Amino acid sequence: MKSKKILYINQYFKHPSEPGITRSYWIAQELIKRGYEVVMLAHRNELLDHVKDVKPVEITYVDGIKVIYIRNKYSNDMGVFKRAVSFINFMLKSTKYAVREKDINLVIATSTPLTVAFPALVRKIMKKTPYVFEVRDLWPEVPIQMGAIKNRFVIKFLSWCEKIIYKKSIHTVALSPGMLDGVLKYIEKERTSMIPNMAKIDKFWPREKNMELMEKMGLKKDSFKAIYFGQMGQSNDVEVIIEAAKKLKEQQVNDIEFVVVGHGSKYSKVANAITEFKLDNIKIFPRVPMSEMSEIINFCDLSMVLFSNIPILYTNSPNKLFDSLSAAKPIIVNSAGWTKTMVEEAECGLFVKPNDAEDLIKAINLIKNDSELKNRMAINSRLLAEREYDKSILCNRFADLTDNLFKKHNL
Numbered sequence: 377m378k379s380k381k382i383l384y385i386n387q388y389f390k391h392p393s394e395p396g397i398t399r400s401y402w403i404a405q406e407l408i409k410r411g412y413e414v415v416m417l418a419h420r421n422e423l424l425d426h427v428k429d430v431k432p433v434e435i436t437y438v439d440g441i442k443v444i445y446i447r448n449k450y451s452n453d454m455g456v457f458k459r460a461v462s463f464i465n466f467m468l469k470s471t472k473y474a475v476r477e478k479d480i481n482l483v484i485a486t487s488t489p490l491t492v493a494f495p496a497l498v499r500k501i502m503k504k505t506p507y508v509f510e511v512r513d514l515w516p517e518v519p520i521q522m523g524a525i526k527n528r529f530v531i532k533f534l535s536w537c538e539k540i541i542y543k544k545s546i547h548t549v550a551l552s553p554g555m556l557d558g559v560l561k562y563i564e565k566e567r568t569s570m571i572p573n574m575a576k577i578d579k580f581w582p583r584e585k586n587m588e589l590m591e592k593m594g595l596k597k598d599s600f601k602a603i604y605f606g607q608m609g610q611s612n613d614v615e616v617i618i619e620a621a622k623k624l625k626e627q628q629v630n631d632i633e634f635v636v637v638g639h640g641s642k643y644s645k646v647a648n649a650i651t652e653f654k655l656d657n658i659k660i661f662p663r664v665p666m667s668e669m670s671e672i673i674n675f676c677d678l679s680m681v682l683f684s685n686i687p688i689l690y691t692n693s694p695n696k697l698f699d700s701l702s703a704a705k706p707i708i709v710n711s712a713g714w715t716k717t718m719v720e721e722a723e724c725g726l727f728v729k730p731n732d733a734e735d736l737i738k739a740i741n742l743i744k745n746d747s748e749l750k751n752r753m754a755i756n757s758r759l760l761a762e763r764e765y766d767k768s769i770l771c772n773r774f775a776d777l778t779d780n781l782f783k784k785h786n787l
């Protein structure tokens, strides 16, 4: 029987027992069920506290996935230059292993950053192995609009790279309609798919609240809890939470608590604001594994998905939104893109104006003071997760695409 071997390149690959986005893990599991052999090429971030004494390259197996971990330093706190060095370091080292791996039929490269496609491109040139490129953010447009990349020659070069990467792929998968529009500037629609981020209805679900964990975290038993979790980088508007907490404190509102869980360059900004302004209505915690995150979301009352007011970020497909759908939470979004359309059409949340603490407070109070509305939104969130976005649905869609590409291209 002909082998079906896939090299899957995801710099930030995570499995369920680790904090982080696990999309590639679930897709790989479905591919393995279909009879594919999957080799994952990822980095092992030596800056994370829970990683100690790791070899420069470590080859191991995670639930049937062969994982090649390349040691690399990366932090959301890094400046543009250090991040670029980190990306290039992984790009060069991973290219060596991408080319070396034997009997690969297909490569899947998933951004970000854009540089993850380089090993796939080199293997295509040297070994004639086709690749699929998955777009999780429209690079380089995201860092350009955020002001991280300003040099016009660098911008021109990266835009050229983006065009080449799309054109040389046999198929490109985008995670949102807006991202798909960006891809369609370069390649025909027949070579594209839109497969959004995934809900995990078996990992996040409504149940009895873990009161012991709530108490351990220092949260009030009877407060109304609005949670923000995940990345706290330059693209995330966590400052509006600080401003909202300050206004509520001034108004002597004591029954609303903000729960912030995650990591990134703005983590310390929130933590310092709590101390400076004596904001006892915000509790902040470092990121935790999925099982604990599920417990925390479950005892909160609504979820906030907050981004900076930058047009390119309207195309985002945030993991936290889909986990919140699974957990049956009303959702507040502030990006005027497809997430706004989603929560409004499904009646599972509210849109608030970006950078507007008053509007955020208004939305929180609307949900807090209307139990019927809150319950309806919660039910609609869970139904949407089950009906359209669960990983069982979307992983099957990705695996079906892979099956079709193997047949079409006789891989």
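At position 340 of the sequence shown the residue is numbered 716 (the numbering used here), and the sequence of numbers has no breaks. For each residue, glycine too, the CB sits at the ideal point set by N, CA and C. In this text, all values refer to a predicted model and were calculated from it rather than measured experimentally.
Same chain, Cβ closer than 8 Å to residue i, five either side skipped, listed in chain order
i           : result
residue 624 : 632, 657, 737
residue 728 : 708, 709, 710, 735, 736, 738, 739
residue 438 : 391, 401, 416
residue 330 : Residue 330 lies beyond the residue range present for the chain, which begins at 377 and ends at 787; the question has no answer from this structure.
residue 636 : 603, 604, 605, 608, 614, 617, 646, 658, 659, 660, 661
Through-space distance from residue j to residue i, alpha-carbon basis
i           : j           : result
residue 461 : residue 417 : 18 Å
residue 615 : residue 646 : 7 Å
residue 617 : residue 588 : 26 Å
residue 547 : residue 405 : 20 Å
residue 675 : residue 590 : 8 Å
residue 562 : residue 698 : 29 Å
residue 595 : residue 504 : 56 Å
residue 545 : residue 383 : 14 Å
residue 476 : residue 485 : 16 Å
residue 524 : residue 411 : 42 Å
residue 483 : residue 626 : 55 Å
residue 759 : residue 457 : 44 Å
residue 671 : residue 444 : 31 Å
Neighbourhood of residue i by C-beta, 6 Å cutoff - its chain only, sequence neighbours within 5 removed
i           : result
residue 512 : 487, 488, 551
residue 433 : 446
residue 620 : 733, 736, 737
residue 700 : 679, 707
residue 455 : none
Bridge partners - residue i, DSSP secondary structure assignment
i           : result
residue 659 : 635
residue 679 : 603, 707
residue 421 : 448
residue 568 : 548
residue 766 : 575
residue 434 : 445
residue 385 : 417, 485
residue 509 : 485, 548
residue 727 : 709
Close Cβ partners of residue i (< 7 Å) along its chain, the five nearest in sequence each way excluded
i           : result
residue 471 : 494, 495, 498
residue 687 : 521
Neighbour-count burial assignment, residue i, 16 or more Cβ in a 10 Å radius
i           : result
residue 642 : buried
residue 415 : buried
residue 502 : exposed
residue 402 : buried
residue 651 : exposed
residue 464 : exposed
residue 640 : buried
residue 399 : buried
residue 481 : buried
residue 766 : buried
residue 564 : exposed
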